[in-house]
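Enquirer: One rule links them: number in the working numbering = place in the sequence shown (from 1) + 3.
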Amino acid sequence: MEKQWKKTLDDGSYTVRTCGWSPPGDHPVGCGMILTVKEGRLIKVEGDPEHPITNGRLCVRCLTLPEYTHHPQRVIYPMKRLGAKGENKWQRISWDEAWDTIVDKINYFKENHGAESIVVFGGTGREACLYYYPLGFASIGTPNVCYPQSGWSCYGPRCAITDYILGAGYPEIDFAGHFEDRYNHPGWKAPEYLMLWGKEPLKSNPDGFFGHSVIDMMKLGTKIIMVDPRISWLATRAEHVLQLRPGSDTALALGLLHVIIKEDLYDHDFVENWCYGWDEFVERVMEYPPEKVSEITWVPAEKIYEVARVFAKAKPASLGWGLAVDQNPNGVQLGHALLAMIAITGNLDVPGGVTIGPPASLMGKWRVESRSNLSEELWNKRIGAEQWPAVSTALATTHPDETLNTLETGKPYKLRMGWFNSSNFITPTNSAQPDRWYRALQSLEFSVVQDTFMTPTAMAFADIFLPLPTFAEHDGVVLTHYGRNAVFAGAMNKALTVGETKSDLEVCFELGKRLNPKAWPWDNVSDFFTEQLKPDTGFGFEELREKGLYQPGYTYKKHEKGLLRFDGEPGFNTVTGMVELCSTLFESWGDDALPYHEEPPYSPYSTPELAKEYPLTLTTGARKYTSFHSEHRQLKTLREIDPNPEMEIHPETAAELGIIEGDWVVIENMFGKARMVAHLTEAIHPKVVHATHGWWFPEKEAAEPSLFGVWESNINTLMPHQHNGKLGFGDTFKSILCKVYREA
Numbered sequence: 004m005e006k007q008w009k010k011t012l013d014d015g016s017y018t019v020r021t022c023g024w025s026p027p028g029d030h031p032v033g034c035g036m037i038l039t040v041k042e043g044r045l046i047k048v049e050g051d052p053e054h055p056i057t058n059g060r061l062c063v064r065c066l067t068l069p070e071y072t073h074h075p076q077r078v079i080y081p082m083k084r085l086g087a088k089g090e091n092k093w094q095r096i097s098w099d100e101a102w103d104t105i106v107d108k109i110n111y112f113k114e115n116h117g118a119e120s121i122v123v124f125g126g127t128g129r130e131a132c133l134y135y136y137p138l139g140f141a142s143i144g145t146p147n148v149c150y151p152q153s154g155w156s157c158y159g160p161r162c163a164i165t166d167y168i169l170g171a172g173y174p175e176i177d178f179a180g181h182f183e184d185r186y187n188h189p190g191w192k193a194p195e196y197l198m199l200w201g202k203e204p205l206k207s208n209p210d211g212f213f214g215h216s217v218i219d220m221m222k223l224g225t226k227i228i229m230v231d232p233r234i235s236w237l238a239t240r241a242e243h244v245l246q247l248r249p250g251s252d253t254a255l256a257l258g259l260l261h262v263i264i265k266e267d268l269y270d271h272d273f274v275e276n277w278c279y280g281w282d283e284f285v286e287r288v289m290e291y292p293p294e295k296v297s298e299i300t301w302v303p304a305e306k307i308y309e310v311a312r313v314f315a316k317a318k319p320a321s322l323g324w325g326l327a328v329d330q331n332p333n334g335v336q337l338g339h340a341l342l343a344m345i346a347i348t349g350n351l352d353v354p355g356g357v358t359i360g361p362p363a364s365l366m367g368k369w370r371v372e373s374r375s376n377l378s379e380e381l382w383n384k385r386i387g388a389e390q391w392p393a394v395s396t397a398l399a400t401t402h403p404d405e406t407l408n409t410l411e412t413g414k415p416y417k418l419r420m421g422w423f424n425s426s427n428f429i430t431p432t433n434s435a436q437p438d439r440w441y442r443a444l445q446s447l448e449f450s451v452v453q454d455t456f457m458t459p460t461a462m463a464f465a466d467i468f469l470p471l472p473t474f475a476e477h478d479g480v481v482l483t484h485y486g487r488n489a490v491f492a493g494a495m496n497k498a499l500t501v502g503e504t505k506s507d508l509e510v511c512f513e514l515g516k517r518l519n520p521k522a523w524p525w526d527n528v529s530d531f532f533t534e535q536l537k538p539d540t541g542f543g544f545e546e547l548r549e550k551g552l553y554q555p556g557y558t559y560k561k562h563e564k565g566l567l568r569f570d571g572e573p574g575f576n577t578v579t580g581m582v583e584l585c586s587t588l589f590e591s592w593g594d595d596a597l598p599y600h601e602e603p604p605y606s607p608y609s610t611p612e613l614a615k616e617y618p619l620t621l622t623t624g625a626r627k628y629t630s631f632h633s634e635h636r637q638l639k640t641l642r643e644i645d646p647n648p649e650m651e652i653h654p655e656t657a658a659e660l661g662i663i664e665g666d667w668v669v670i671e672n673m674f675g676k677a678r679m680v681a682h683l684t685e686a687i688h689p690k691v692v693h694a695t696h697g698w699w700f701p702e703k704e705a706a707e708p709s710l711f712g713v714w715e716s717n718i719n720t721l722m723p724h725q726h727n728g729k730l731g732f733g734d735t736f737k738s739i740l741c742k743v744y745r746e747a
């Protein structure tokens, strides 16, 4: 990349090269952009053609960044609430006044009720993923950091499963992202087949994987296998599609494994040398012949045979797993089966297969290690840690469902202060039963919200509102997979200043220096990033600015070279030193050591009587190009593309219910209901419907009881609280019963 990252143009404007993160949502993909600023305003966003991953390609969310940045509804100064919560009465204040108030409140609660009486909530995808941990642990000093999605049902379960089965960081499709010469790297191979399981990366670009890399690899000959209840655009270009019943994923994975093992299509050398529990695993898999699996999944048995054979015979093959693993009470077993399939087919840590990283590196390692600021006595007070060791061992947070229980009951102690960092979770973004969370959170005596816009969550709970910048307004580092598989690190370069916003890290700094200065010895953000980067890269933040992007390269077959274990011995960093097809840890925590299919808590098979009243299976959460969870609803450009919350229904089913295209309908079950616009499509099974998530209406009344119409199309009111798997992970977001009818 060109060394000069900032240029002045003849008309007085200037351009800045940067990598995007969030807000607004971009996941940590680090999309390369050239931003043009004139007279203090961002006027143009272009893709950076020099960026070796994104190559100048941008989605509409990035292209509308000027509209987002300068939106008249955006909050760009600190504010304090006047009157009662929810009245929409606010007063602009200085940062000094905000800090004085916040510090006084934190000290009061810590001195009178203990640091554990404070809880920090963090959002998904945004930079807060790195910084809300140290905000809680190193700045405030509380052990209670909470991602409030029931069952921790986003990314965390996949990371935990990988840690326990492989002893490694996040497994990712090998899209040659580690290499400067990308697809031309002599050691890389294009996968012959790429299986995408519950994942549509063109829209989601999840956690550091640039979705359009799939298109690149298809041009190089890679064939796609899609596993999903919905037929997406990518599925129409796939070689094979397994359109399964929502929630039956684990049975399908075990059916594929049955064929691979029974037909002797597995990698004998890898199994014999690097896998633990083979005999027990084979015995379990033999319980799932394709004919039986077909009845469970609705996938024809012949397709299961066909796909198992082509995937196992492909050399190499890769697999990308999505939220279908996490948002499922049976998801731990699904993840276990998918990792086993990658391993026994010889596609783990090989060129064109699935890459793995360390459990944590760079800032990801620092994030978790910031808990060292807490005493063991205080750390042991973390909510849900004792009840759910599989969650608390891998993830340095509270158990989300237990956090709601604590808010409601005051046990084991009362939570009194909340900090909401980039988390708008009473909208249908992540929490199950958001109306229940809403009622419980009203018991908090004081709350701080960090965000870019006034959201329903901020309106309902904030006493102090702290304004966040967009990535165009501050310096930073984009780190793919939050350090769990750092494909690259990219420089976020500040292009302009809007109002008095402060980044997540700047807030940690300023609060930390007031409350716990020994944990924050750096003079500025640049010095902090330099200290994080230098041990692994040999250079600091200013050098990263000039490089634009750092790609570390990649070493394959690390298990053979002693690069995965802390003792330097060959093998995997697990209890047995091998890939655990039979998990020693799962068994010790009271679950089956081997993967198994278990029906969703509410399904046509597990609750047939209930299915008579609620005959359709609801799945939720598919991504859109126009929004990142609950963000972007204010933007006119994007609302013109997606003006309303939408549900998908098969034309035959719609006809039976008297529903036509564009009708407002109600989706209802035993827990709640939501109104949406019907879209008729043959891309979904007649017995299945899909609903979008993240909807609220910034154009509607802000004050209580409306809260921007947050309850009108809130699909998560249909999701029950704490229907987790045996280890505490997963919930029903991908599969639950419902009925649909035209709105009266």
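For each residue, glycine too, the CB sits at the ideal point set by N, CA and C.
Three Cβ pairs or more, each shorter than 8 Å: is that satisfied between the stretch 275–292 and the stretch 254–263?
Expert: Judged by Cβ distances under 8 Å, the stretch 275–292 makes contact with the stretch 254–263, as three or more pairs qualify.
Enquirer: Mapping the DSSP letters down to three states, classify ASN1 as helix, strand or coil.
Expert: Here the chain covers residues 4 to 747 and nothing more, so residue 1 does not appear.
Enquirer: From the DSSP secondary-structure annotation, give me the bridge partner or partners of TYR744.
Expert: Answer is VAL669.
Enquirer: What would DSSP say about ALA677, mapped onto helix, strand or coil?
Expert: Correct three-state label for ALA677: strand.
Enquirer: Compute the Euclidean distance between the alpha carbons of LEU410 and LEU381, then round it to the nearest angstrom.
Expert: Each residue's alpha carbon lies about 19 Å from the other.
Enquirer: Quick check: the stretch 319–336 against the stretch 194–211, are at least 3 beta-carbon pairs closer than 8 Å?
Expert: They touch, by the three-pair rule.
Enquirer: Classify ASN727 as buried or exposed, calling it buried when 16 or more other Cβ atoms lie within 10 Å of its own Cβ.
Expert: Buried.
Enquirer: Would ASN717 and THR458 be called neighbours here (beta carbons separated by less than 9 Å)?
Expert: Their beta carbons are not under 9 Å apart, which means ASN717 does not touch THR458 by this criterion.
Enquirer: Could you spell out the range, first to last residue, of the alpha helix (DSSP H) harbouring CYS511?
Expert: It spans 507–518 - the alpha helix (DSSP H) in which CYS511 sits, taken as one unbroken run.
Enquirer: Measure the CB-CB distance between SER156 and GLN330 and report whether it falls below 9 Å.
Expert: In this structure, GLN330 lies closer than 9 Å to SER156 by Cβ.
Enquirer: Please state the DSSP three-state secondary structure of SER395.
Expert: The answer is helix: DSSP assigns SER395 an H, G or I state.
Enquirer: When DSSP labels each residue in this structure, what does GLN453 get in the three-state scheme?
Expert: Correct three-state label for GLN453: strand.
Enquirer: Exposed or buried, what is ALA87 when buried is set at 16 or more other beta-carbons lying within 10 Å of its beta-carbon?
Expert: By the neighbour-count rule (16 or more Cβ atoms within 10 Å), ALA87 is not buried but exposed.
Enquirer: Leaving out the 5 sequence neighbours to the left and right, which residues in its chain are closer than 6 Å to LYS384 when beta-carbon positions are compared?
Expert: Once the five neighbours on either side are set aside, the close Cβ partners of LYS384 are GLU119, PRO146.
Enquirer: Checking 9 Å against the spacing of the C-beta atoms, do GLY493 and PHE464 come in under that value?
Expert: Taking 9 Å as the Cβ cut-off, GLY493 and PHE464 do not qualify as a contacting pair.
Enquirer: If you drop the 5 nearest sequence neighbours on each side, which residues of the same chain put their C-beta closer than 7 Å to that of ASP270?
Expert: Once the five neighbours on either side are set aside, the close Cβ partners of ASP270 are ILE347, THR348, GLY349.
Enquirer: Please look up how many angstroms separate the CB atoms of LEU567 and LYS560, rounded, as I've assumed it's under 8 Å.
Expert: Their Cβ separation, rounded to whole angstroms, is 10 Å, which puts LEU567 and LYS560 out of contact at 8 Å.
Enquirer: Considering only residues of the stretch 398–423, which uninterrupted alpha helix (DSSP H) runs meet the minimum length of 4 residues and lie entirely inside it, listed in chain order?
Expert: The qualifying runs are 403–412.
Enquirer: Can you tell me where the beta strand (DSSP E) with LYS560 in it begins and where it stops?
Expert: Taken as a continuous stretch (DSSP letters only), LYS560 belongs to no beta strand (DSSP E), as it is neither H nor E.
Enquirer: With which residues is CYS162 paired in a DSSP beta bridge?
Expert: Partner(s): none; CYS162 has no beta bridge.
Enquirer: Hey, would you say PRO403 sits closer than 9 Å to TYR150, going by beta carbons?
Expert: Taking 9 Å as the Cβ cut-off, PRO403 and TYR150 qualify as a contacting pair.
Enquirer: Can you have a look at GLN453 and say buried or exposed, based on whether 16 or more other CB atoms are within 10 angstroms of its CB?
Expert: Label assigned to GLN453: buried.
Enquirer: Between ILE143 and VAL123, which are expected to be in contact by the criterion C-beta below 8 Å, what is the C-beta distance as a whole number of angstroms?
Expert: That pair is a contact at about 7 Å.
Enquirer: Given a cut-off of 9 Å on the beta-carbon distance, is the pair THR620 and PRO303 in contact?
Expert: Cβ atoms of THR620 and PRO303: not closer than 9 Å.
Enquirer: State the CB to CB distance for the pair LEU499 and GLU476, rounded to an integer number of angstroms; the pair is presumed to be in contact (CB under 8 Å).
Expert: Going by Cβ atoms, the distance from LEU499 to GLU476 rounds to 6 Å, so yes, they are a contact pair.
Enquirer: Would a C-beta distance cut-off of 9 Å place VAL691 and MET650 closer than the cut-off?
Expert: Against a cut-off of 9 Å, the Cβ pair of MET650 and VAL691 comes out as no contact.
Enquirer: Let me make sure I understand the geometry here. Which of LEU638, ASP177, ALA131, LEU223 has the alpha-carbon closest to that of ILE345?
Expert: Nearest of LEU638, ASP177, ALA131, LEU223 to ILE345, Cα basis: ASP177.
Enquirer: Using DSSP's beta-bridge definition, name the partner residues of ARG185.
Expert: The partner list for ARG185 (beta bridge, DSSP) is empty, contrary to what the question assumes.
Enquirer: Please list the segments of the alpha helix (DSSP H) lying wholly inside the stretch 213–264, counting only runs of 4 or more residues, in order along the chain.
Expert: With a minimum length of 4 residues, the continuous alpha helix (DSSP H) runs that stay inside the stretch 213–264 are 216–222.
Enquirer: Could you check if SER103 is buried or exposed, using at least 16 other CB atoms within 10 Å of its CB as the buried criterion?
Expert: A quick correction: the sequence has Asp, not Ser, at residue 103. Result: exposed.
Enquirer: Leaving aside the five residues before and after ALA443 along the sequence, list all residues of the same chain whose C-beta is less than 8 Å from its C-beta, in chain order.
Expert: Result list for ALA443: LEU407, LEU410, GLU411, in chain order.
Enquirer: What does the Cβ neighbour count give for ALA747, buried or exposed, with the cut at 16 atoms within 10 Å?
Expert: Its Cβ having fewer than 16 others within 10 Å, ALA747 is exposed.
Enquirer: So, under 8 Å CB-CB, ARG745 and VAL668 are touching, yes? Tell me the CB distance rounded to an integer number of Å.
Expert: About 6 Å separates the two Cβ atoms, so the contact holds.
Enquirer: Please list, in chain order, all residues of the same chain as PHE589 whose beta carbon is under 6 Å from its beta carbon, the five residues on each side excluded.
Expert: Excluding residues within five positions, the ones whose Cβ falls inside 6 Å are ALA596.
Enquirer: Which residues bound the beta strand (DSSP E) around PRO470?
Expert: Here the beta strand (DSSP E) through PRO470 covers 467–470.
Enquirer: Considering only the beta carbon of each residue, do MET4 and GLY551 sit closer than 9 Å?
Expert: In this structure, GLY551 lies closer than 9 Å to MET4 by Cβ.
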